[in-house]
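Asker:
See below:
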């Protein structure tokens with residue numbers, strides 16, 4: 004009995020140590036302003052996380068870290084559509100497994116009928132935000148990587164349901180990033196085809212407010228998705244010039260802000276041709 008207790012304690016210590024390592028790796032990536040080094044080094048991190056998960060497959064912390072980094076690499080750094088699909092699917096599977104570890108009734112959440120899916124999402128509470136948001140963001144990344152597949156696009160309503168639940172529980176979570184996802188979904192189409200740019204604008208503005216203007220990608224997405232959709236050049240340029248002039252270094256946002264500044268400059272450079 005004593006030996007069993009000791010071994011169990013050692014197992015918990017190892018599990019905690021690997022989870023802390025994964026979280027530290029994720030934090031180091033998100034707080035880096037060196038895009039090139041992250042792009043070159045992140046694949047090694049992804050392989051390391053795969054190995055850690057293989058030895059501890061039901062560790063929610065490891066699964067969440069792997070979901071975030073695989074989704075980030077698929078959405079930002081790879082230009083290979085096939086690789087983006089593979090990595091985004093891996094991210095979604097990791098996030099879904101993390102959700103399953105949190106709530107057993109959610110173990111089939113990505114394949115449940117919509118009514119059952121809604122009931123499961125409604126059962127998530129504020130303590131579940133990490134896993135719920137990771138599932139929604141990873142799922143959104145998978146849809147983006149598979150935008151040529153109508154079966155994938157049909158899942159957009161599920162992402163909306165998840166992000167609306169996140170906002171209901173705590174709209175300030177991740178500095179209001181759920182609003183960015185909802186803003187994008189509202190501006191996928193022009194008004195004549197059923198898009199809701201006014202709703203999208205409200206979400207983008209709320210995301211900017213909740214982050215105190217520090218999430219620069221909120222402004223870039225606002226400019227790209229709303230200002231360009233409605234050909235509002237003045238708003239477009241103002242938002243992007245604010246991003247270019249801003250400091251990218253914000254804890255947890257430095258990498259995404261550095262990318263946002265790069266994208267803002269590219270959008271400004273192409274503005275004359277677009278408008």
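In this note's numbering, the protein residues as written are 4 to 278. Backbone N, C-alpha and C fix where the C-beta goes; we use that ideal spot for every residue, glycine too. Note that the coordinates shown come from a computational prediction; the quantities given were computed from them, not determined experimentally.
1) Which residue spans inside the region 14–95 form an unbroken alpha helix (DSSP H) run of at least 4?
2) CA-CA distance, residue 35 and residue 246?
3) Kindly give me the distance between the Cβ atoms of residue 186 and residue 231, rounded to whole angstroms, as I take these residues to be in contact under 8 Å.
4) Expressed to the nearest angstrom, what Euclidean distance is found between the alpha-carbon atoms of residue 16 and residue 135?
5) Using a Cβ-Cβ cut-off of 8 Å (strictly less than) and excluding sequence neighbours within five positions of residue 146, which residues of its own chain qualify?
6) Output the residue ranges of the beta strand (DSSP E) runs that lie fully inside the region 184–249 and measure 3 residues or longer, sorted by chain position.
7) State yes or no: is the C-beta of residue 52 within less than 9 Å of the C-beta of residue 72?
8) May I have the straight-line CA-CA distance separating residue 82 from residue 116, to the nearest angstrom?
9) Do the CB positions of residue 280 and residue 166 come within less than 9 Å of each other?
10) If you reduce the DSSP assignment to three classes, tell me which class residue 274 lands in.
11) Using the C-alpha atoms, what's the distance from residue 102 back to residue 110?
12) Considering only C-alpha positions, which residue in the set 61, 74 and 131 is nearest to residue 104?
13) CA-CA distance, residue 93 and residue 55?
14) Tell me whether residue 118 sits in a helix, a strand or coil according to DSSP, three-state version.
15) Using three-state DSSP, classify residue 256 as helix, strand or coil.
16) By alpha-carbon positions, which one of 211, 40, 222 and 74 ends up nearest to residue 141?
17) Residue 218: buried (16+ other C-beta within 10 angstroms of its C-beta) or exposed?
18) Less than 9 Å between the C-beta atoms of residue 257 and residue 251, yes or no?
19) May I have the straight-line CA-CA distance separating residue 57 from residue 128, to the nearest angstrom?
20) Under 9 Å between the Cβ atoms of residue 262 and residue 243?
21) From 164, 23, 76 and 25, pick the residue whose C-alpha is nearest to that of residue 46; which is it?
22) Give the range of the alpha helix (DSSP H) segment to which residue 167 is assigned.
23) Since residue 213 and residue 179 should fall inside the 8 Å C-beta cutoff, what is the C-beta to C-beta distance between them, to a whole number of angstroms?
24) Could you give the residue range of the alpha helix (DSSP H) that holds residue 141?
25) For residue 180, which three-state DSSP category applies?
26) Taking 6 Å as the limit between beta carbons, can you name the residues of its chain near residue 9, skipping five residues before and five after?
Answerer: A quick look at the data gives this:
1) 38–58 and 63–75
2) 18 Å
3) That belief does not hold up - the Cβ atoms of residue 186 and residue 231 are roughly 13 Å apart, past 8 Å.
4) A caution first: residue 16 carries a pLDDT of 41, below 50, which makes its placement in the model unreliable, though a value can still be read off. One C-alpha to the other measures close to 26 Å.
5) 155, 156, 158, 159 and 162
6) none
7) Their beta carbons are under 9 Å apart, which means residue 52 touches residue 72 by this criterion.
8) 33 Å
9) In the structure as shown, the chain starts at 4 and stops at 278, and residue 280 therefore has no counterpart that could be examined.
10) helix
11) 7 Å
12) 61
13) 15 Å
14) helix
15) When DSSP states are grouped into helix, strand and coil, residue 256 belongs to the coil group.
16) 74
17) Looking at its Cβ environment, which holds 16 or more other Cβ atoms inside 10 Å, residue 218 is buried.
18) yes
19) Going from the Cα of residue 57 to the Cα of residue 128 covers about 29 Å.
20) Contact: no.
21) 76
22) For residue 167, the enclosing alpha helix (DSSP H) has its first and last residue at 159–173.
23) 3 Å
24) Taken as a continuous stretch (DSSP letters only), the alpha helix (DSSP H) holding residue 141 covers 132–148.
25) Residue 180: helix per DSSP, three-state reduction.
26) Confidence at residue 9 is low in this model, with a pLDDT of 43, below 50, so the placement of that residue should be treated as unreliable; the coordinate-derived value is given next. Excluding sequence neighbours, residue 9 sits near nothing in its chain.
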